[in-house]
Amino acid sequence: MADPMLKLAGVHKRFGELEVLRGIDLEIAKGEVVCILGPSGSGKSTLLRCINLLEPPEEGQILLEGRDICRGPKSGTGEESWELNYVRQRVGLVFQQFNLFPHRTALQNVTMAPEKVLDRAKAEAQAKGTELLTRVGLADKLNEYPERLSGGQQQRVAIARALAMEPHVMLFDEVTSALDPELVKEVLDTIRELAREGMTMVVVTHELGFARDVADCVVFMDEGQIVEQGTPSQVLDDPREERTKKFLGLVLER
Amino acid sequence: MNEIIEQYFDFSQMSKHFDEVLDGFVITLELALVATVLALIWGLVLALLRQLPGKGFLPLRFLTIGYIDIFRGVPLLILILLISGSLAFLPLPEAITIPQWLGKPDNFWYGIMALVLVYGAYYAEVYRAGIEAVPSGQMEAARSLGMSHGQAMRNVVVPQAVRKVIAPMLNEFTALLKDTTLVSVIALNEVALVGRDIQSKTFNSSALTLGAILFLVIVLPLARLVDRLIARERARTSRGGAPPVMHH
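Written as structure tokens, this is what we have:
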């Protein structure tokens, strides 16, 4: 069998005294969509940030396409030991707060990294960027600055920007939590479309309906550990663990 | 009352010495502009050194912070005297110890050196405030797209930081412009020394007053410009950016 796209084994992350991740084991196959649910502070976002090494874990293994990204060739201390380039050119991350570059247009946001990091020619990067922005429904917003776009539009630009680096895995960190309710759907539809195209994705979300529709696997996290995982119907309709039941009850009450 | 007007605002004195004072003020402006350009570059270098990530750069960060603290603390006048009095005796190439670049005399360049050493430290702090006012998500987004720390700084953080600090930078320019008068102590014929020479010959201060008025002609419009830039930045941040940074 081929290597899983991502494999996490015994991942621990501490911030000083606080242990945010307490031994995470998880396997994600190519083309799989995993939704991570859990109360705030359960370590969901930190897990994503570990996977793309924004917050390198202290302990454990993360295999990305079979390669341990926590112990690179320059293993030792400091940033150099992490396989940053290997990881960041394979893993795309979309943030809750969009984090678009406000001094650049939508198209420039999308073309910057391909030009600077992948050394793509400007015309090539622009053609690709235009195609991606068209795909997320923003063909008419290429030259707008972020402050002139709605939250939903900004988040779709951010998705296009991550896709421009041709990632093998996309990570979504509560990407609809900062949006007005009427803008959530356009962003979720964009992610849904990516799932249909076979992109491997890890989606941290509070949108249970979306998880039910799109996820191949739903993971429930609490206090830095995976409490329960399984198909959406197993975890969402028939949870085994008390903590899962309680959390789902609270979310559905909203 | 008449004595005050006669001593400080004697228009016949002012018009008689106008050309001399203006020549001095041109040297003042040259000092200020050359020093500002170099200090802006030096300050950015210092600010970027200070922001280098990781343990490996700890000694360099430490040195940079030490430099900034020391040169913000040393009086400019003393630094001018230290450089002009002893640089010529140091075992360095004469192009540095007795500089005559661009047809300017050595005391002009001694003044520039002192101003750049001190104002580079001030500017570094202004840049730092600007860099720190850029939300951390910007660096994270750039890094998650595969940019190195340097690429992220150059393409994402610094362009936004510079926009945030234009107003405080102009304030620094005003301070530097006025501080150039200290270079008069090493016999550079800038506006203060020219005015002082006339004062000691005529027993009248009107030429110096004229020099002060020339400063105001530059400084007052700048002050209004700074106000407008701050108001504009405030309008922008009320739509959700970081606040503008102010400095001493």
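Just so you know, the sequences run in chain order A and B. Position 190 (the first sequence) corresponds to 190 in this note's numbering; numbering is contiguous. Converting from the second sequence to this note's numbering requires adding 254 to each position, the first position being numbered 1. Just so it is clear, CB atoms sit at the ideal spot from N, CA and C, and this is done for glycine as well.
Going by DSSP, A/M221 is part of the beta strand (DSSP E) stretching over C217 to D222. A/C217 and A/R90 have their C-alpha atoms some 21 Å from each other.
Contiguous beta strand (DSSP E) elements confined to the segment 171 to 209 of chain A occur at 200 to 204, taking only those with 3 or more residues. In the DSSP assignment, A/A9 falls within the unbroken beta strand (DSSP E) covering L6 to F15.
Bridge pairing for A/R67: A/L64 [DSSP]. From the listed residues B/T318, B/M423, B/Q354 and B/L330, the smallest Cα separation to B/Y381 is found for B/M423. Counting every other CB atom within 10 Å of its CB across the protein chains shown gives A/T176 a total of 16 or more, marking it as buried. When only Cα atoms are considered, A/I226 and A/T134 end up about 37 Å apart.
Here A/L183 has S150, G151 and G152 as same chain residues with Cβ atoms under 7 Å from its own Cβ, once five neighbours each way along the sequence are excluded. Below the 9 Å Cβ cutoff, chain A contributes R49, L54, L93, F95 and N99 as neighbours of B/E394, in chain order. Counting along the chain, the unbroken alpha helix (DSSP H) around B/Q261 starts and ends at N256 to Y262. As for any alpha helix (DSSP H) of minimum length 4 sitting wholly inside the segment 298 to 351 of chain B, the runs are 312 to 327, 330 to 340 and 348 to 351, ordered along the chain. Using a C-beta cut-off of 8 Å, the segment 86 to 104 of chain A makes contact with the segment 389 to 396 of chain B, since at least three inter-stretch Cβ pairs fall below that distance. Closest by C-alpha distance to B/L483, out of B/Y376, B/A421 and B/L447, is B/A421.
Looking from the CA of B/N361, the closest CA among B/G320, B/V437 and B/L430 belongs to B/V437. DSSP places A/L54 in the coil class of the three-state scheme, outside both helix and strand. A/L100 sits in coil when the DSSP states are folded into three classes, being neither helix nor strand.
Among the residues of the segment 101 to 114 of chain A, those with a Cβ less than 8 Å away from any Cβ of chain B are F101, P102, H103, M112 and A113, in the order of the chain.
Secondary structure note for A/Q155: its alpha helix (DSSP H) is the uninterrupted segment G151 to L163. Non-local C-beta neighbours of B/A461 in its own chain, meaning closer than 8 Å and more than five positions away in sequence, comprise Q267, M268, H271, E274, V275, V448, G449, I452 and Q453, ordered along the chain. Listed along the chain, the chain A residues whose CB falls inside 7 Å of the CB of B/M401 are A113, K116 and V117.
Comparing alpha-carbon positions, the option among A/E228, A/V251, A/L248 and A/G249 lying closest to A/R240 turns out to be A/E228.
Within chain B, G400 have C-beta atoms less than 8 Å from the C-beta of A/Q89, given in sequence order. Around the CB of B/E348, fewer than 16 other CB atoms lie within 10 Å, so the residue is classed as exposed. A residue is called buried when at least 16 other Cβ atoms come within 10 angstroms of its Cβ; B/P313 does not meet this threshold and is exposed.
Rounded to the nearest angstrom, the gap between the Cα atoms of A/A160 and B/L430 is 46 Å.
Among the CB atoms of chain A, one or more fall inside 9 Å of the CB of B/P413.
Apart from sequence neighbours up to five positions away, the residues of its chain that approach B/P307 with a beta-carbon distance below 7 Å are H403, ordered along the chain. Nearest to B/S398 by alpha-carbon distance, out of A/N52, A/P114, A/R14 and A/F172, is A/N52. Neighbours of A/R161 in chain B, taken as residues at a C-beta separation under 9 Å, are given in chain order as A395 and L399. The three-state reading of DSSP puts A/L107 in helix, counting H, G and I together.
B/R315 and B/I322 have their C-alpha atoms roughly 11 Å apart. DSSP, read as helix, strand or coil, puts A/Q225 in strand. Where A/R148 is concerned, there is no enclosing beta strand (DSSP E), because DSSP gives it neither an H nor an E. The beta carbon of B/G391 sits closer than 9 Å to some beta carbon of chain A.
Note: A/I36 is bridge-paired with A/V204 and A/V219 in the DSSP secondary-structure output.
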